[in-house]
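> Here it is: the structure, laid out below.
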Amino acid sequence: MIDLPIYDRAGKQVDTLAIDESLLGAEVRPALLKQAYVMFHANRRQGSARTKNRGRVEGSTKKLYRQKGTGNARVGPRRTPTRKGGGVAFAKTKTREDYRLDMPKKMRRLANRNALLAKLVDGEVKCFDSLAFDAPKTSDFRRSLEAVGVNRTCLVALDRANRNAALSARNIDGCHTIRAEQLNAFELLNHRFLVIDRATLKAFVDGSIHGKEAV
Numbered sequence: 000m001i002d003l004p005i006y007d008r009a010g011k012q013v014d015t016l017a018i019d020e021s022l023l024g025a026e027v028r029p030a031l032l033k034q035a036y037v038m039f040h041a042n043r044r045q046g047s048a049r050t051k052n053r054g055r056v057e058g059s060t061k062k063l064y065r066q067k068g069t070g071n072a073r074v075g076p077r078r079t080p081t082r083k084g085g086g087v088a089f090a091k092t093k094t095r096e097d098y099r100l101d102m103p104k105k106m107r108r109l110a111n112r113n114a115l116l117a118k119l120v121d122g123e124v125k126c127f128d129s130l131a132f133d134a135p136k137t138s139d140f141r142r143s144l145e146a147v148g149v150n151r152t153c154l155v156a157l158d159r160a161n162r163n164a165a166l167s168a169r170n171i172d173g174c175h176t177i178r179a180e181q182l183n184a185f186e187l188l189n190h191r192f193l194v195i196d197r198a199t200l201k202a203f204v205d206g207s208i209h210g211k212e213a214v
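The sequence shown runs 0 to 214 under numbering that gives the first Met the number 0.
Next comes the structure, spelled out in structure tokens:
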């Protein structure tokens with residue numbers, strides 16, 4: 000069991016929450032996390048990059064200067080791939096490139112939960128008793144983060160109803176918000192800390208809400 004400290008908004012520990020590692024995969028599985036991270040990252044690619052070959056670059060096809068007698072190396076037209084502003088030797092010309100990867104649903108779900116376990120083992124989960132705000136207040140949210148030792152990038156997982164907390168966090172550098180049902184291995188591993196409240200964390204661990212399985 001992992002005993003996770005529960006803090007109030009002032010940063011004082013008020014309770015602990017016992018979390019069963021077996022619900023999150025029992026042990027950290029680096030190979031599974033790597034596979035999930037690569038999948039999420041690849042699925043965010045648009046595949047719309049395009050480049051021009053020398054035939055598509057606008058400009059003259061005239062040889063820049065004569066072959067011999069100048070003392071310079073021989074050159075062709077401006078549009079050759081060896082010159083700045085010229086075409087690309089192996090241009091990307093496909094209508095769309097597909098980089099999508101896939102994983103079985105059970106593996107995706109396990110990877111999302113196992114990423115949370117990795118954060119818990121490293122002490123990078125900061126759990127508050129409540130993140131409810133009466134009104135949006137960035138300075139109050141920043142003070143709460145500083146009080147629990149959040150000094151790097153952090154991901155704040157919130158439920159749908161907690162709009163004031165989302166508005167309070169969005170202007171803090173390095174702080175990003177996400178709905179709890181969209182929590183995934185990619186976002187967890189991309190941030191140093193996870194900030195979450197007790198009720199949302201318990202719902203995620205118990206399986207009441209599932210993280211996002213694919214992009």
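C-beta: ideal position from N, C-alpha, C; glycine also.
Would you list the one or two residues that DSSP bridges to residue 178?
Beta-bridge pairing links residue 178 to 157.
> Report the rounded CA-to-CA distance for residue 175 versus residue 76, giving the unit in angstroms.
Taking the straight line from one Cα to the other gives about 50 Å.
> Please tell me whether residue 70 and residue 78 are closer than 8 Å, where the distance is taken between their beta carbons.
No, they are not a contact pair.
> Measuring only the C-alpha atoms, how far is residue 162 from residue 48?
Taking the straight line joining both Cα atoms gives about 36 Å.
> Taking residue 6 as the reference, give the member of 145, 152 and 178 with the closest Cα.
Considering only alpha carbons, the answer is 145.
> Leaving out the 5 sequence neighbours to the left and right, which residues in its chain are closer than 8 Å to residue 62 when beta-carbon positions are compared?
Answer for residue 62: 74, 75 and 76, listed in chain order.
> Given that a residue counts as buried once 16 or more other Cβ atoms are within 10 Å of its Cβ, and exposed if not, what is residue 111?
Buried: at least 16 other Cβ atoms inside 10 Å.
> In three-state DSSP terms, what is residue 135?
Residue 135 falls in the coil class under three-state DSSP.
> Taking the alpha carbon of residue 132 as the point to measure from, which residue in 164, 4, 87 and 115 has its own alpha carbon closest?
Looking at the Cα atoms, 164 is the closest of the given residues.
> Using a Cβ-Cβ cut-off of 7 Å (strictly less than) and excluding sequence neighbours within five positions of residue 147, which residues of its own chain qualify?
Result list for residue 147: 6, 10 and 125, in chain order.
> Using a Cβ-Cβ cut-off of 7 Å (strictly less than) and excluding sequence neighbours within five positions of residue 118, which residues of its own chain qualify?
Around residue 118: 124, 187 and 193.
> What's the C-alpha gap between residue 217 and residue 25?
Shown here, the chain extends from 0 to 214; a query on residue 217 therefore has no answer.
> Out of 29, 199 and 46, which one is the CA nearest neighbour of residue 94?
With distances taken between Cα atoms, residue 94 lies closest to 46.
> Distance check for residue 17 and residue 3, CA to CA, integer angstroms please.
Rounded to whole angstroms, residue 3 to residue 17 spans 6 Å at the Cα level.
> Is residue 12 helix, strand or coil when you go by DSSP?
Residue 12 falls in the strand class under three-state DSSP.
> Taking residue 33 as the reference, which of 8, 157, 177 and 109 has the closest Cα?
Nearest option by C-alpha distance: 109.
> Cα-Cα, which of 196, 42, 208 and 183 is closest to residue 115?
Residue 183 is the option with its Cα nearest to residue 115.
> Is DSSP giving residue 97 helix, strand or coil here?
The answer is coil: DSSP assigns residue 97 none of H, G, I, E or B.
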